[in-house]
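Novice: Each residue of the sequence shown is one higher than the one before, starting from 840 at the first, in the numbering used here. All C-beta atoms in this analysis are idealised placements derived from N, C-alpha and C, irrespective of residue type, glycine included.
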Amino acid sequence: MPFLALPTAPRCQVTYIWISSCGMYPKAKTRTLDSEPQSVDDVPRWNALYSVSDECLETTLVPVRMFRDPFTLDPNKLVLCHALELDGNPAPGQRRSECVEAMEAVKEQKPWFGFEQEFVLMALDGRLFGWSADTIPKTEVSSRVGLNKVWGRDVSLSHYKACLYAGVIISGTAGEGIPTQWEFQIGPCGGVELGDHVWTARYILFRVCEDFGVVPSFHPKPIKHQPWASGGHMNFSTEDMRSPGGLTHIHAAIERLAGRHGEHMAVYGGNNELRLNGVGLYSAFTNFSWGTASRHGSVRVPGHVHSEGRGYLEDRRPSSDCDPYLVCKALVETCLLPLAA
Ligand code: ADP
Ligand code: MN
Ligand code: MN
Ligand code: MN
Ligand code: MN
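Written out as structure tokens, the structure reads:
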């Protein structure tokens, strides 16, 4: 279509993105600015209507991070926003400010996070795109290649390119356990940044999928009677863990995580008990376990981290629809804050 290439300078289209009141979906609307904003500080506040139960609530959209718009191209922007109620408190579903506070408290330890976002592609009728749940070929568990094993690679690659153009810190992608299941990875970076980039990458995925006639599902158990599920592994390190002798610090963090399993499960995403059934690659929802180079536990110390004696740990418990702001916050609270006397 020729229209997207029409010149519009000096005016600029800015798409505001924010998180829905249920805390689960990105929402967006676009406005014109008279010139290209040079930073997020040049983007004015706006407002949005929130519906909570049957009530409508007016909120203020506060721009927090700016990206290039990979759909309408330069100089247009995507701007992630934090939504506030009129009294200045976060609107329902907005957990970013809690993450900002938690990261501030531990900033000397320089925590980094990396998120693995799994999802499946669905058709408009709510069924798996390209396959019926009953005819899923049983082959390798991941990294598949070949038309009889993967479906939607163009969606994954387009999303990857769009994220790179936008300036999202995307570190890679992989085909997953069933033909229409994919993963992208965000990070490593600080916790607030991680949350911002995951939410923007989710928005970009919904938009890319619109053009391909499919819908991404972040539900951890998109087809109930199938053994596979979608997760949101969170990789986590501090400067100490990344330095020589870091393995000791990784083990100390795991010990703390073991003592607060329930508190973590409470904020690691809805419907996660359907996914974490203790079978195969899914750990048990109700108890904590960990292993080195093992993908069966709640937490894994990757093999290369063990060999090098430093690096990061992987928390495999968060679900694909978790809020990354809350997962990062829970990790630093459990692992890095001084223990209560
Ligand atoms: P897996 O082997 O579990 O599939 P992936 O390669 O998919 O691992 O994802 C690893 C993630 O870990 C990436 O998001 C990457 O950015 C992140 N990561 C790498 N190093 C660190 C680190 N030191 N601290 C935190 N996260 C890290
Ligand atoms: Mn209107
Ligand atoms: Mn992965
Ligand atoms: Mn994966
Ligand atoms: Mn992983």
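Should H1103 be counted as a contact of ligand 1 given a C-beta to heavy atom distance under 7 Å?
Specialist: Not under cutoff, so the answer is no.
Novice: In chain order, what residues of the same chain lie with their CB nearer than 8 Å to the CB of G1119, ignoring the 5 residues before and after it?
Specialist: Here the set comprises P1066 and H1135.
Novice: Ignoring anything shorter than 3 residues or poking outside the segment 982-1055, list the beta strand (DSSP E) runs there in chain order.
Specialist: Correct list: 1009-1014 and 1020-1028.
Novice: Nearest to C1002 by alpha carbon, out of Q1024, K868, D1154 and L986?
Specialist: Looking at the Cα atoms, Q1024 is the closest of the given residues.
Novice: Can you tell me the Cα-Cα spacing of A1040 and H1145, whole angstroms?
Specialist: Cα to Cα, A1040 sits roughly 31 Å from H1145.
Novice: Please output, in chain order, the residues near ligand 4 using a CB cut-off of less than 6 Å to any non-hydrogen atom of the ligand.
Specialist: This criterion selects E955, E957, E1015 and E1022.
Novice: Measuring CB to CB, does T1130 end up less than 8 Å from S1076?
Specialist: The residue asked about is misnamed: residue 1130 is Gly in this sequence, not Thr. No, Cβ-Cβ distance for G1130 and S1076 is not below 8 Å.
Novice: For the segment 981-993 against the segment 1011-1022, do three or more pairs of beta-carbon atoms, one drawn from each stretch, fall closer than 8 Å, so that the two count as touching?
Specialist: Touching, per the Cβ criterion.
Novice: Which one of V918, V891, T869 and L1044 has the shortest CA to CA distance from C861?
Specialist: Of V918, V891, T869 and L1044, the residue nearest in Cα terms is V891.
Novice: How many Å lie between D881 and L986 at the Cα?
Specialist: Spanning the two alpha carbons is a distance of roughly 46 Å.
Novice: Given this structure, state the Cα-to-Cα distance separating V903 from E875, to the nearest angstrom.
Specialist: One C-alpha to the other measures close to 16 Å.
Novice: Can you find the residues in the same chain that come closer than 7 Å, C-beta to C-beta, to Y1004, ignoring five residues on each side of it along the sequence?
Specialist: Excluding positions up to five away in sequence, the list reads R907 and P909.
Novice: Taking the continuous alpha helix (DSSP H) assigned at P909, which residues delimit it?
Specialist: Run containing P909: none; DSSP gives neither H nor E here.
Novice: Alpha carbon to alpha carbon, what distance is there between T898 and Y999?
Specialist: One C-alpha to the other measures close to 32 Å.
Novice: If you check the beta carbons only, do S1056 and F958 fall under 8 Å apart?
Specialist: Yes, these two residues count as a Cβ contact at 8 Å.
Novice: Figure out for me which residue from D873, C1161 and I1093 has the closest Cα to the Cα of S1069.
Specialist: That would be C1161, whose Cα lies nearest to the Cα of S1069.
Novice: Measure the CB-CB distance between D1154 and H1072 and report whether it falls below 8 Å.
Specialist: Cβ atoms of D1154 and H1072: closer than 8 Å.
Novice: Nearest-angstrom Cα distance between L919 and H1143?
Specialist: One C-alpha to the other measures close to 35 Å.
Novice: Taking buried to mean at least 16 other C-beta atoms within 10 Å of its own C-beta, is D1050 buried or exposed?
Specialist: Burial call: exposed.
Novice: Go ahead and label C895 buried or exposed: buried means 16 or more other beta carbons lie within 10 angstroms of its beta carbon, across all protein chains shown.
Specialist: With fewer than 16 other Cβ atoms within 10 Å, it is exposed.
Novice: In this structure, does DSSP put H863 in helix, strand or coil?
Specialist: Correcting the residue type first, residue 863 is Met in the shown sequence and not His. DSSP places M863 in coil when its eight states are reduced to three.
Novice: Given a cut-off of 8 Å, decide if P1059 and S981 are closer than it, judged by their beta-carbon atoms.
Specialist: Not in contact: S981 and P1059 (Cβ atoms no closer than 8 Å).
Novice: Taking the CB atoms as reference points, tell me whether G1029 and P950 lie closer together than 8 Å.
Specialist: It is a contact, given that the beta carbons lie within the stated cut-off.
Novice: Exposed or buried, which one is G1098 when buried takes at least 16 other CB atoms within 10 Å?
Specialist: That one is exposed.
Novice: I'd like the span of the alpha helix (DSSP H) that includes D1079, first residue to last.
Specialist: Looking at the DSSP string, the run of the alpha helix (DSSP H) that includes D1079 is E1078 to R1081.
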